[in-house]
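A short worksheet on the structure shown next.
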Amino acid sequence: MTKRSVLTIRVPEDLKIRLERLADSQGVSLNQLALYAFSKEASQIESQMFFSSRLGNRSKNEVLKNFDSVMSKVSNRAPLADSDII
Numbered sequence: 005m006t007k008r009s010v011l012t013i014r015v016p017e018d019l020k021i022r023l024e025r026l027a028d029s030q031g032v033s034l035n036q037l038a039l040y041a042f043s044k045e046a047s048q049i050e051s052q053m054f055f056s057s058r059l060g061n062r063s064k065n066e067v068l069k070n071f072d073s074v075m076s077k078v079s080n081r082a083p084l085a086d087s088d089i090i
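Residue numbers (the working numbering): 5 to 90.
Below is the structure:
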């Protein structure tokens, strides 16, 4: 069994009401909604930090240019579908 911890946070009343409505509309408890939101945001922040550390000060265009340069050396590759192009 996973050990659980208690976290108490203070939020503005209007935010609490919004979160309660969202939880109700999703059919989950406020605690479940908060856990989902915290987990999702933490994952996004961790991913951003990972890629920022890998990319350094390079721009998106520079990374894509380098990627295209490497991929141009691969023979017989199928073109990307429009839905896969950034």
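Think of the CB as a built atom: it goes at the ideal place given N, C-alpha and C, for glycine as much as any other residue.
Helix, strand or coil, according to DSSP, for residue i in the structure here?
i	result
Ser-9	coil
Ser-87	helix
Could you spell out where the alpha helix (DSSP H) holding residue i opens and where it closes?
i	result
Lys-69	64–75
Ile-21	17–30
Leu-59	34–59
Excluding the 5 residues flanking residue i on each side, which residues of the same chain have their C-beta closer than 6 Å to its C-beta?
i	result
Ser-56	none
For residue i, collect the residues of the same chain with a Cβ closer than 8 Å to its Cβ; drop the 5 residues on either side in sequence, then sort them by chain order.
i	result
Arg-81	Met-75
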